[in-house]
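For any residue, its number in our numbering is found by taking its place in the sequence shown, counting from 1, and adding 37.
Cβ atoms here follow ideal geometry from the backbone N, Cα and C, with glycine treated the same way.
Single-structure report; data block below.
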Amino acid sequence: MNIVFAISEVEELVKTGGLADVGKALPLALHALGEDITIVMPYYRVLDEQLNLATVTEPQTLFTEGQVYHFNIRYLQWHDIPIYFVDSPEHFMREGLYANAFDAYDDNGERFSFFSGAVLQTLKAINKQPDVIHCHDWHTAMLPFLLNHEKSGYFKDTATVFTIHNAAFQGVHKLDTIPYLRHHPDISNQVHGGYVNMLQCGIEFATKITTVSPNYAKELLTDLGSHGLHERLVKRQADLSGILNGCDYTQWNPETDTFLPENYSTENFHAKTSCKRVLQEKCGLPDNADIPLIGMVCRLTEQKGFGYILPILDDLIKHSVQMVIVGTGDPKVCMDLGEFAQQHPDQFAFINGFSSEHAHLVEAGADFFLMPSQFEPCGLNQMYSLAYGTVPIVRSVGGLKDTVIDHSNDLEGTGFVFDDPTPYALLTCIRRALLAYYEDKAKFREMQLRGMRTRFTWEAAAKDYQQLYASL
Numbered sequence: 038m039n040i041v042f043a044i045s046e047v048e049e050l051v052k053t054g055g056l057a058d059v060g061k062a063l064p065l066a067l068h069a070l071g072e073d074i075t076i077v078m079p080y081y082r083v084l085d086e087q088l089n090l091a092t093v094t095e096p097q098t099l100f101t102e103g104q105v106y107h108f109n110i111r112y113l114q115w116h117d118i119p120i121y122f123v124d125s126p127e128h129f130m131r132e133g134l135y136a137n138a139f140d141a142y143d144d145n146g147e148r149f150s151f152f153s154g155a156v157l158q159t160l161k162a163i164n165k166q167p168d169v170i171h172c173h174d175w176h177t178a179m180l181p182f183l184l185n186h187e188k189s190g191y192f193k194d195t196a197t198v199f200t201i202h203n204a205a206f207q208g209v210h211k212l213d214t215i216p217y218l219r220h221h222p223d224i225s226n227q228v229h230g231g232y233v234n235m236l237q238c239g240i241e242f243a244t245k246i247t248t249v250s251p252n253y254a255k256e257l258l259t260d261l262g263s264h265g266l267h268e269r270l271v272k273r274q275a276d277l278s279g280i281l282n283g284c285d286y287t288q289w290n291p292e293t294d295t296f297l298p299e300n301y302s303t304e305n306f307h308a309k310t311s312c313k314r315v316l317q318e319k320c321g322l323p324d325n326a327d328i329p330l331i332g333m334v335c336r337l338t339e340q341k342g343f344g345y346i347l348p349i350l351d352d353l354i355k356h357s358v359q360m361v362i363v364g365t366g367d368p369k370v371c372m373d374l375g376e377f378a379q380q381h382p383d384q385f386a387f388i389n390g391f392s393s394e395h396a397h398l399v400e401a402g403a404d405f406f407l408m409p410s411q412f413e414p415c416g417l418n419q420m421y422s423l424a425y426g427t428v429p430i431v432r433s434v435g436g437l438k439d440t441v442i443d444h445s446n447d448l449e450g451t452g453f454v455f456d457d458p459t460p461y462a463l464l465t466c467i468r469r470a471l472l473a474y475y476e477d478k479a480k481f482r483e484m485q486l487r488g489m490r491t492r493f494t495w496e497a498a499a500k501d502y503q504q505l506y507a508s509l
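Now the structure itself:
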C-alpha cells in the first residue's frame, strides 16, 4: 500500500515529545513489512541549519479564498524512506517548533492549517496519489477536512487515518487568526463562538480514527477522558480503535545501553546493583543497595500526577526509602520538590533538568518507577522500566492499564497499579510495593525478570495499522 505520513516531528530529525518517537518508529516498522511509506513534514529552522537540503520541484503556489502562499519542497532519503519538507520560512523558520520558550506562537492555527494544505499540494507536485494519508494530532487535523472538500478529484481514492496522541491538546484557535481557513466556503460549520477546534475537525472528517492504546480509546468515549470531545467521538465510535504504541528496544535495552556503568540482562541481573550505586552517587544519596529506590523521569505537570505525589511526600519519607525525580516544567512543582530535597538530602533527590544519561540511569538504577498519571494516552516509561527490571507503580489509566499487570496476579504481575485519583490511593499503592520488596526478595526478583521478558514491539503495532489501512 502507498501510505503517506503527515506529521509535525520525527525523532532523529526534530523532537519535542513522544509524537516524534511514533513519527520515526511506525514508518520504519511499516517499511520493514514491505509498505510504500512517504513522510511529509515542515522544514523548520533547526532542520535547515542541520541539513541544508536542496529543493526538488519548482516553487509552489497555494491559493485560498483571498490568500496566496508560496513555498518550496525539499527532500531527504532517510532510512530508505523519502521525506518531503514543506519549506515556508514565514511559517517555520523560527526558534521553536510550536513555541518561543514557554509561549505558544499566536499563529499556530494558521501555520498548521497551511501545512495541512501544503501536504496535499506537495503530493500533487511529486505526482503521488496515496491509498492512505495518516495524520497525527491537531497539527495535521485540518487535512481530512481539506481533503473532504477538495474539488480537483486528485485524491478521490485516498482515505485518511487520524491518530489522536493526546486529546488534551486540541488546537483551538480563533478563526480570525487563520487566514488560510477564514474564507474557506465550508468552514462555517466548524466554527463555534468564533473558534475552530482542529482536533474536532480531524475526528469529524477522517475516514478512521485511532489512538495510542486500547484503553485510551475507551476513555475517549467519556467526558473526562476526552477533555470534552466525547460526543463527537461517540458518534464515530465504529471508526475509532486503539493501537498500542511500541517501544524502541534498540535505544532502551539494559544489555547494550551505553549510558550505564555496567550492562545487565535476565541472566546477569546482579549487575543492576552497580547502576543503583552510581545513581545514588550522582544524586548525592547514601550508597545503600538494600534500601528501595523509587525513580521518576517526566515533565513536571499536573497530568503526571504531582497533585497526588506532593501531598504524600511527608508520609512517604517516614519509610525506609529513597526517591529520585528528574524533570522540568511547572515552576511551583520545581520549587516544592527542590525544597523537599533540601530538607531530606539522605532520602530525596530532585534534578531540575533533563538529560538522556539521567533518564537511562534512573530506569536502570531504580527499583521502582513512579507514574501516577491523571491520564496517560500510552506512556513509554513504564515500557522502558519493565525492560530494565524496574517495577512500575502506575495509575490504571490509558496505556498504563494496557501494559502493567498488578502484583496481585501472582503468575503474571509486573508492577503495582491503583485506581482512585487521590493521594491516599497512591500512598497505599507505594506501601504495598515497599512491603513486597522487603517481604519476599525471591518473588520480587521474579516479578522484575518477568517484566524484562515482556515486549511491546513496533512490529506488532505496524501489523495492526496494516490491517486498518487494508480495510480502507
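Within the model, the alpha-carbon separation for residue 253 versus residue 246 is close to 12 Å.
Counting the other Cβ atoms within 10 Å of the Cβ of residue 136 gives fewer than 16, which makes it exposed.
Per DSSP, reduced to three states, the secondary structure at residue 186 is coil, with no helix or strand assignment. Taking the Cα positions, residue 99 is about 11 Å away from residue 161.
A Cβ-Cβ distance of about 5 Å is found for the pair residue 110 and residue 159, placing them in contact under the 8 Å criterion. Using a Cβ distance threshold of 9 Å, residue 488 and residue 409 do not count as a contacting pair. Rounded to the nearest angstrom, the gap between the Cα atoms of residue 436 and residue 103 is 44 Å. Nearest to residue 319 by C-alpha distance, out of 181, 382, 278 and 189, is 382. Excluding its 5 nearest sequence neighbours in each direction, residue 385 has C-beta neighbours in its own chain below 7 Å: 354, 360, 377 and 378, listed in chain order. Look at residue 331 here: in three-state DSSP terms it is strand. Residue pairing from DSSP places residue 115 in a beta bridge opposite 118.
Using a 10 angstroms sphere on the CB of residue 422, the tally of other CB atoms reaches 16 or more, which defines it as buried. Residue 197 carries a strand assignment under DSSP once its states are collapsed to helix, strand and coil. Residue nearest to residue 230 within the set 237, 239 and 211 is 211 (criterion: CA-CA distance). DSSP, read as helix, strand or coil, puts residue 125 in coil. In the DSSP assignment, residue 75 falls within the beta strand (DSSP E) that extends over 73-79. Take residue 477, set aside five residues on each side of it, and no residue of its chain has a beta-carbon closer than 8 Å to its own. The alpha-carbon separation between residue 298 and residue 324 amounts to approximately 15 Å. Residue 215 sits away from residue 249, with the two beta carbons spaced by 9 Å or more. A residue is called buried once 16 or more other Cβ atoms fall within 10 Å of its Cβ, and residue 368, having fewer, is exposed. With respect to the C-alpha of residue 170, the residue from 199, 155, 148 and 151 having the closest C-alpha is 199. With contacts defined as CB atoms closer than 9 Å, residue 485 and residue 427 qualify as a contacting pair. With contacts defined as CB atoms closer than 9 Å, residue 91 and residue 112 qualify as a contacting pair. Per DSSP, the continuous beta strand (DSSP E) segment holding residue 39 begins and ends at 39-43. Between residue 399 and residue 471, the gap from beta carbon to beta carbon reaches 9 Å or more. Listed in chain order, the non-local C-beta contacts of residue 331 below 8 Å within the same chain comprise 358, 359, 360, 361, 403, 404, 405, 406, 407, 430 and 467, local neighbours out to five positions each way being set aside. In the DSSP annotation of this structure, the continuous segment of the alpha helix (DSSP H) that includes residue 370 starts and ends at 368-380.
The bridge partners DSSP lists for residue 452 are 443. Taking residue 72 as the centre and dropping the five residues before and after it, the same chain places the C-beta of 38 and 40 closer than 6 Å to its C-beta, in chain order.
For residue 55, the enclosing alpha helix (DSSP H) stretches over residues 55-69.
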